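Residue numbers (my numbering): 51 to 344.
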């Protein structure tokens, strides 16, 4: 069984670079001709009780690789300045700061020019507000003891690989990709403009809640072959298509509560899991189980 909604096509041009430098302030960065690149890294001793990662930044890509024996963090940073001296000075001051509080590893890209302040906050509110910008592509290698990830990105892609636990992933503009992961708890994934691709086909199960939304972009979700009875999945896009692979499980379309409209579908998978999908403009495509799955 296949259910597809075809809605009026609206073209939206969204330019998103793949892990390329994104400036903290585009209208300022246009006049910044000088550039300095640098790499800063650290290996935090997180201990066995540290179970969370918290990272917030303004511009750049974030890649999280789980399953490492020890924790490691590396940022490939691009600094732009109105002069080469400014770009070199800021780049030379950067380092990664880590702090563990309430079993959470808090990570910050800091500048030593102002007592270790967050570099984006430092630039926005200091003498370099009109003549510098920073973007950072950051890679995290995390042990399996980390079971909750909270990432907030002003603009840039987020990629999560091999993770088991719950996550909150948010970016203002950029794609979000989840691969080979097991989402065991309530998970929220949001991008203002960008596509979201989540492959959970190999997971043994899915947690209680999965909330996925994008303002402009497509959503692709592949579910595991086993779902909990109380699992609720929300898939929402303003402009874009939704593609759902039920993991070979059959589903029923709920018509009793008016769930099907020109923009919304609600289904129940395997008699257990509720999935609500909505799109302002785009298709909703539910892949039917193959003959081998039936």
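Backbone N, C-alpha and C define an ideal beta-carbon position, used for all residues, glycine too. Just so we're clear, the structure is a prediction, and the values are computed from it rather than from any experiment.
Endpoints, the alpha helix (DSSP H) within which residue i is located
{"i": "residue 172", "result": "169-174"}
Close beta carbons around residue i, own chain, < 8 angstroms, minus the five adjacent residues each side
{"i": "residue 91", "result": "122, 123, 124, 125 and 146"}
{"i": "residue 2", "result": "This structure gives no information on residue 2, because the portion of the chain shown stretches from 51 to 344."}
{"i": "residue 178", "result": "131, 136, 140 and 172"}
Beta-carbon proximity list for residue i, same chain, < 6 angstroms, skipping 5 on both sides
{"i": "residue 220", "result": "202 and 240"}
{"i": "residue 328", "result": "286, 313 and 314"}
{"i": "residue 214", "result": "232"}
{"i": "residue 134", "result": "84"}
{"i": "residue 302", "result": "318"}
{"i": "residue 172", "result": "161 and 164"}
{"i": "residue 283", "result": "260 and 325"}
{"i": "residue 334", "result": "55, 292, 315 and 327"}
{"i": "residue 229", "result": "211 and 249"}
{"i": "residue 88", "result": "127 and 141"}
{"i": "residue 323", "result": "277 and 281"}
{"i": "residue 198", "result": "102, 215 and 216"}
{"i": "residue 270", "result": "247 and 293"}
{"i": "residue 129", "result": "86, 137, 140, 141 and 184"}
{"i": "residue 60", "result": "Unreliable placement is indicated for residue 60, whose pLDDT of 30 sits below 50; no coordinate value is reported for it."}
Boundaries of the beta strand (DSSP E) in which residue i is found, first to last residue
{"i": "residue 291", "result": "Counting along the chain, residue 291 falls outside any beta strand (DSSP E), and DSSP gives it neither H nor E."}
{"i": "residue 331", "result": "323-331"}
{"i": "residue 188", "result": "182-192"}
{"i": "residue 280", "result": "It is not in any beta strand (DSSP E) - residue 280 carries neither H nor E in the DSSP assignment."}
{"i": "residue 337", "result": "334-337"}
Beta bridge counterpart(s) of residue i as assigned by DSSP
{"i": "residue 350", "result": "The structure shown has nothing for residue 350, since the chain only spans 51 to 344."}
{"i": "residue 301", "result": "319"}
{"i": "residue 260", "result": "237 and 283"}
{"i": "residue 85", "result": "130"}
Contacts around residue i, its chain only, beta-carbon distance under 7 angstroms, and the 5 residues preceding and following it disregarded
{"i": "residue 280", "result": "258"}
{"i": "residue 119", "result": "193"}
{"i": "residue 93", "result": "120, 121 and 122"}
{"i": "residue 169", "result": "144, 159, 160, 161 and 184"}
{"i": "residue 208", "result": "112, 201, 219, 221, 224 and 226"}
{"i": "residue 195", "result": "98, 100 and 101"}
{"i": "residue 176", "result": "164"}
{"i": "residue 96", "result": "121, 150 and 155"}
{"i": "residue 234", "result": "214, 215, 216 and 257"}
Cβ distance (whole Å) where residue i is taken to contact residue j below 8 angstroms
{"i": "residue 29", "j": "residue 212", "result": "Because the chain in this structure spans residues 51 to 344, residue 29 falls outside the shown range and cannot be described."}
{"i": "residue 103", "j": "residue 191", "result": "So it is not a contact: roughly 11 angstroms between Cβ atoms."}
{"i": "residue 262", "j": "residue 294", "result": "Wrong, their Cβ atoms sit about 11 angstroms apart, outside the cutoff."}
{"i": "residue 297", "j": "residue 251", "result": "6 angstroms"}
{"i": "residue 6", "j": "residue 157", "result": "Since the first and last residues shown for the chain are 51 and 344, residue 6 lies out of range."}
Going along the chain, which unbroken runs of the beta strand (DSSP E) with 3 or more residues stay wholly within the stretch 93-176?
Complete beta strand (DSSP E) runs here, min 3: 102-107, 112-116, 122-131, 144-151 and 154-161.
3 or more residues per run - each beta strand (DSSP E) lying fully within the stretch 197-239:
Taken in chain order, the complete beta strand (DSSP E) segments of 3 residues or longer contained in the stretch 197-239 are 198-203, 208-211, 214-221 and 226-229.
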